[in-house]
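Student: Here the sequence shown stands for residues -20 to -1, 1 to 389, where the numbers follow mature numbering (1 follows the signal peptide of the UniProt record, and there is no 0). Where is the CB? At the ideal position from N, CA and C, for every residue including glycine. On a predicted model such as this, the values are computed, not experimentally measured, just so you know. Sharing a structure with you now.
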Amino acid sequence: MRRVAFVGLLLALMAGPAMAQPISVGSKTLPVNLARVVFDIPPGQVLGDWRGGLLCIPWSKLKWREGRMQVSDNIFPDTFRREVRAAGFESGSDDLFDNEADSAGEFTIGARVKGMTADACSAESEYVSHREKGSMSFTIEWQVYSKLQRKVVATIPTSGAFAIDRFQRDGVINPLMVGAFRENVRALTESEAFRTIFVADAEQAAQEQKPQSNNLIVLTGAAPGAKAIPEASGAVVAVLAGAGHGTGFLVSADGYIITNEHVVGKDTKVRIRWSDGFESDGEVVRRHKARDVALIRTNPHGRQPLYVHRGSPAPGATVFAVGTPLDLKFQTTVTKGIVSANRIFEGFTFIQSDVAVAHGNSGGPLLNEKGAVIGITDWGHREDGEPATLNFFIPIGDALDFLNLQAAP
């Protein structure tokens, strides 16, 4: 007889959510995409009983043999998308070749199956063909990863079980695994922790899309016209904040510097390190969290600001990124690439480019061939072992609008 069926015992939900309230009309939901599923079960762990015959008499123990295993089959991603959509959220694409849809959004989710119970029963005789039934349960730790913050921002535990109570001719392993996984996805979408991240009420969603209403600041001193990239790099700074360092760039002769909001975080004071090693104090005077831009005021000591150029760059256009990747000793690193596309994620526009950037480049300028700022380094999409060529930049026009700045004519 074939030992291919698994059965699970019903576990109490770790998350213990009540029935989720319907998503209110006008609320904004963020895309929910599954990155990977990993089984983290110790080799040899007993999952349950293997039973046989019409009375399902115990024969032996079912044990896990694989150890830590990543599941690449489509059964889990497809189930995840269906359940997430049924709960009212956007999730990926049904197009077999649409990788862009699956990479959209700030967040991705990973599932670590940390617990599993199984029980299986098969029956076969001279008069009855092979049949199986069973049930299965998973305990899953869901990790929500922010591509903007580059870290896991939430860990959500769930448990769920599924049973096939009647003997059936087909094997039950896949249906049981899918069913147990499906119950966990449902528990996930109903959990308060999940909805805190992926649902914004209508008022909040509308407010996040609006620029600031502060008094208009007119940027001065930036001269239009071509500027050599090495010369432009002199206006690019390292921003030293409590959480680490990022990059920024001077946009006004009176000391205004633009960077990412996630670079300064909640800090009101930062340290500015110029390309020649000189340092000055900086004050964070404006920030817009949703658009991920911030404005710093410092003493520029006579340095020349960069000219900013509004507009969407054409795909194929040559661009340069300047920043401080990884370590301060790499300050003012220049990399070259091309514009790949202009994208819209969650209502915000981004410039996509293959120009190389890394941690520490955040907030740095994306320059055109004339040395004018066209964008701000924001985030990149990474896959294990893949080249880091999917990088995204905030159009400089958006930064000006959301911080209520006006560039020099």
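Nearest CA to the CA of Asp334: which residue from Gly296, Glu349, Pro305?
Tutor: Asp334 has its Cα closest to that of Gly296, out of Gly296, Glu349, Pro305.
Student: Whose C-beta lies closer than 8 Å to the C-beta of Gly32 among residues of the same chain, with five residues either side of it excluded?
Tutor: Correct list, in chain order: Met(-20), Trp39, Cys101, Ser102, Ala103.
Student: I'd like to know if the region 239 to 252 and the region 336 to 346 are in contact, where contact means that at least 3 CB-CB pairs between them fall below 8 Å.
Tutor: Result yes; three or more Cβ-Cβ pairs closer than 8 Å.
Student: DSSP on Ser71, reduced to helix/strand/coil?
Tutor: In this structure, Ser71 counts as coil in the three-state DSSP scheme.
Student: If you draw a straight line from the C-alpha of Ile89 to the C-alpha of Lys207, how long is it?
Tutor: Cα-Cα distance, rounded: 43 Å.
Student: At which residue ranges does the region 273 to 318 contain complete beta strand (DSSP E) runs of 3 or more residues, listed in the order of the chain?
Tutor: Counting only runs of 3 or more, we get 273 to 278, 298 to 303.
Student: Reducing DSSP to helix, strand and coil, say where Pro204 ends up.
Tutor: Looking at Pro204 - three-state DSSP - the assignment turns out to be coil, as it is neither helix nor strand.
Student: How far does the alpha helix (DSSP H) with Val335 in it extend, from its first residue to its last?
Tutor: It is not in any alpha helix (DSSP H) - Val335 carries neither H nor E in the DSSP assignment.
Student: Could you check the C-alpha separation between Gln386 and Asn371 for me, to the nearest Å?
Tutor: Distance between the alpha carbons of Gln386 and Asn371: 27 Å.
Student: Which same chain residues, not among the five before or five after Thr315, have their C-beta less than 6 Å away from its C-beta?
Tutor: Hits under 6 Å: Ala301, Val335, Ala336.
Student: Cβ-heavy atom distance between Thr119 and the ligand ATP below 7 Å?
Tutor: This structure lacks the ligand ATP, and indeed carries no ligand of any kind.
Student: When DSSP builds the beta bridges, which residues end up paired with Val124?
Tutor: DSSP lists Ile89, Ala134 as partners of Val124.
Student: Can you tell me where the alpha helix (DSSP H) holding Val64 begins and where it ends?
Tutor: Unbroken alpha helix (DSSP H) run through Val64: 55 to 66.
Student: In chain order, what residues of the same chain have a beta carbon less than 6 Å from the beta carbon of Arg267, not counting five sequence neighbours either side?
Tutor: Cβ within range, chain order: Glu241, Ala274.
Student: Is the beta carbon of Ser115 less than 8 Å from the beta carbon of Ala91?
Tutor: No, Cβ-Cβ distance for Ser115 and Ala91 is not below 8 Å.
Student: At what residues does the beta strand (DSSP E) containing Phe174 begin and finish?
Tutor: Not the beta strand (DSSP E): Phe174 falls in the alpha helix (DSSP H), residues 172 to 178.
Student: How far does the beta strand (DSSP E) with Pro375 in it reach, from first residue to last?
Tutor: Where Pro375 is concerned, the enclosing beta strand (DSSP E) stretches over 370 to 375.
Student: Give the secondary structure of Ile209 by DSSP, where H, G and I count as helix, E and B as strand, and everything else as coil.
Tutor: Helix, per DSSP.
Student: Under a Cβ-count criterion, where at least 16 other Cβ atoms within 10 Å of its own Cβ denotes burial, should Ala221 be classed as buried or exposed?
Tutor: Per the 10 Å Cβ criterion, buried.
Student: Terminal residues of the continuous alpha helix (DSSP H) containing Val244?
Tutor: 241 to 244 is the extent of the alpha helix (DSSP H) around Val244.
Student: Can you have a look at Phe258 and say buried or exposed, based on whether 16 or more other CB atoms are within 10 angstroms of its CB?
Tutor: Its Cβ having fewer than 16 others within 10 Å, Phe258 is exposed.
Student: Rounded to a whole number of angstroms, what is the C-alpha to C-alpha distance between Gln284 and Phe382?
Tutor: Distance between the alpha carbons of Gln284 and Phe382 is about 23 Å.
Student: Does DSSP put Pro155 in a helix, in a strand, or in coil?
Tutor: Correct three-state label for Pro155: helix.
Student: Over what stretch of residues does the beta strand (DSSP E) that includes Pro345 continue unbroken?
Tutor: Here the beta strand (DSSP E) through Pro345 covers 345 to 347.
Student: Do Pro375 and Ser292 have their beta-carbon atoms positioned less than 8 Å apart in this structure?
Tutor: Yes, these two residues count as a Cβ contact at 8 Å.
Student: Within 10 Å of its beta-carbon, does Asn279 have 16 or more other beta-carbons around it, so buried, or fewer, so exposed?
Tutor: With fewer than 16 other Cβ atoms within 10 Å, it is exposed.
Student: Would you report the Cα separation of Arg290 and Glu211, rounded to the nearest angstrom?
Tutor: Looking at the two C-alpha atoms, the distance is approximately 20 Å.
Student: Quick one: what's His225 bridged to in DSSP?
Tutor: According to DSSP, His225 bridges with Leu220.
Student: Which one of Ala203, Pro137, Arg111, Val158 has the shortest CA to CA distance from Thr119?
Tutor: Considering only alpha carbons, the answer is Pro137.
Student: Applying the 10 Å Cβ sphere with the 16-neighbour rule, what's the burial state of Leu380?
Tutor: Buried: at least 16 other Cβ atoms inside 10 Å.
Student: Grouping DSSP H, G and I as helix and E and B as strand, with all else coil, what is Thr248?
Tutor: Looking at Thr248 - three-state DSSP - the assignment turns out to be coil, as it is neither helix nor strand.
Student: Between Val243 and Ser71, what straight-line distance do the alpha-carbon atoms span, to the nearest angstrom?
Tutor: For Val243 and Ser71, the distance between alpha carbons rounds to 29 Å.
Student: For His110, which residues from the same chain have a beta carbon less than 6 Å from its beta carbon, with the 5 sequence-adjacent residues on both sides left out?
Tutor: The residues are Glu104.
Student: Compute the Euclidean distance between the alpha carbons of Val132 and Ala223, then round it to the nearest angstrom.
Tutor: Between Val132 and Ala223, the C-alpha separation is close to 15 Å.
Student: How long is the line joining the alpha carbons of Glu172 and Gly205, rounded to whole angstroms?
Tutor: For Glu172 and Gly205, the distance between alpha carbons rounds to 53 Å.
Student: What distance in whole Å lies between the Cβ atoms of Phe229 and Ala215, which are believed to be in contact at a cut-off of 8 Å?
Tutor: 6 Å between Cβ atoms; contact.
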